[in-house]
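Trainee: Structure provided below as structure tokens; questions to follow.
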Amino acid sequence: MVRDQLEARGVRDRATLAAMSLVPREAFVPEGRAGVAYADGPLSIGHGQTISQPYMVARMTECLALSELGWPWTEAPPALLDVGTGSGYQAAVLAQCGARVTSIERDPELAERARERLAAQGYAVKVVVGDGSLGYPPDAPYAGIVVAAGAPRVPEPLVEQLADGGRQVVPDGGGRSQRLNIIRRVGSERETRTADACVFVPLVGQHGHHE
Ligand code: SAM
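Residues 56 to 266 (the numbering used here) are what the sequence shown spells out, left to right.
Structure follows, in structure tokens:
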């Protein structure tokens with residue numbers, strides 16, 4: 056997976072590649088699907104949701120530029136927020152990078168299953184149930200925020216919860232024409248650039264799509 060799907064498509068970030076070679080993806084797919092855990096695409100996890108394609112998890116992690124934030128950490132690791140826990144795989148990758156990870160999921164059953172999977176693999180991720188389009192103020196500010204669901208526009212509370220110098224990766228745009236936005240906060244300013252085209256399930260919430 057790392058060689059054929061990630062490095063072959065240009066993923067170069069060492070933190071991302073190291074973490075993705077260590078997290079057992081088969082532990083985050085539904086029972087009976089371990090045989091296709093490393094397939095080059097998203098997989099259904101029930102409740103109409105998916106575990107994201109490995110390449111998309113890698114790109115989003117790479118876009119956080121953890122090396123610029125000091126990875127491998129010699130000081131206290133930074134706080135990261137994962138919006139849309141789903142299976143818990145993205146959260147596990149961020150935790151494997153050594154960060155302090157909070158992950159927020161709106162579906163209580165998916166959140167509970169992810170909590171169990173993460174704990175079983177020894178990842179100390181805080182999984183909370185709630186509307187991630189509002190972020191999660193108790194653990195803010197975050198050095199990085201990854202949003203694994205598409206919003207009509209970038210949710211403002213998420214930008215406000217970014218630490219100075221932090222980056223947020225969030226898909227926006229309508230229907231099947233989403234793009235990944237990488238937003239960096241610099242003081243009170245923000246720098247935005249767009250990266251890959253992508254297709255995500257909708258971010259449903261106050262600053263996302265209506266139910
Ligand atoms: N990152 C996940 C993984 O590695 O398995 C995949 C996430 S899946 C593509 C998107 C998730 O976002 C779904 O589980 C969905 O329930 C969740 N979601 C949608 N809107 C949300 C919101 N406002 N707050 C939190 N989670 C939300």
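Think of the CB as a built atom: it goes at the ideal place given N, C-alpha and C, for glycine as much as any other residue.
All figures in this text were calculated on a predicted structure; none of them were measured in a lab.
Grab me the residues of P257's own chain with a C-beta within less than 7 angstroms of its C-beta, minus the 5 sequence neighbours each way, in chain order.
Mentor: The residues are A204, G205, G263, H264.
Trainee: Report the start-end ranges of each alpha helix (DSSP H) in the region 120-163 that is 4 residues or longer and not cut off at the edges.
Mentor: Here the runs fully enclosed are 144-151.
Trainee: Based on Cα-Cα distance, which residue from G65, V225, E62, L235 lies nearest to L136?
Mentor: Closest by alpha carbon: V225.
Trainee: If contacts are defined as beta-carbon pairs under 8 angstroms, then Y191 and G185 qualify, I think. What distance do you get, rounded to the angstrom?
Mentor: Indeed, because the Cβ distance is near 7 angstroms, the residues count as touching under 8 angstroms.
Trainee: Near L98, which residues of its chain fall below 7 angstroms by C-beta distance, leaving aside the five closest residues on each side in sequence?
Mentor: V84, R88, V91, T105, I106, listed in sequence order.
Trainee: In whole angstroms, what separates the C-alpha of Q108 from that of R208?
Mentor: Those two C-alpha atoms are separated by around 22 angstroms.
Trainee: Is any non-hydrogen atom of the ligand SAM found closer than 8 angstroms to the C-beta of I200, if you look at the structure I gave you?
Mentor: Because no heavy atom of the ligand SAM lies under 8 angstroms away, the Cβ of I200 does not count as near it: no.
Trainee: Please identify the residue among L119, S243, V214, G221 whose C-alpha is closest to the C-alpha of V66.
Mentor: Here the closest residue by C-alpha is L119.
Trainee: Does the Cβ of A113 have 16 or more other Cβ atoms within 10 Å, making it buried, or fewer, making it exposed?
Mentor: Per the 10 Å Cβ criterion, buried.
Trainee: Terminal residues of the continuous beta strand (DSSP E) containing R245?
Mentor: Looking at the DSSP string, the run of the beta strand (DSSP E) that includes R245 is 244-253.
Trainee: Please work out which residues of its chain come closer than 7 angstroms, Cβ to Cβ, to M111, disregarding the five sequence neighbours upstream and downstream, and give them in chain order.
Mentor: Cβ within range, chain order: C253.
Trainee: Does V241 pass the burial test, meaning 16 or more other C-beta atoms within 10 Å, or should it be called exposed?
Mentor: Label assigned to V241: exposed.
Trainee: Less than 8 angstroms separating the Cβ of E173 from some heavy atom of the ligand SAM?
Mentor: Checking the sequence, you will find Leu at residue 173 rather than Glu. It does not: the Cβ of L173 is nowhere closer than 8 angstroms to a heavy atom of the ligand SAM.
Trainee: Where R231 and W128 are concerned, what is the direct C-alpha to C-alpha distance, given to the nearest angstrom?
Mentor: C-alpha separation (whole angstroms): 38 angstroms.
Trainee: For E130, count neighbouring C-beta atoms within 10 Å of its own C-beta (all shown protein chains included) and say buried if the count is 16 or more, exposed if not.
Mentor: By the neighbour-count rule (16 or more Cβ atoms within 10 Å), E130 is not buried but exposed.
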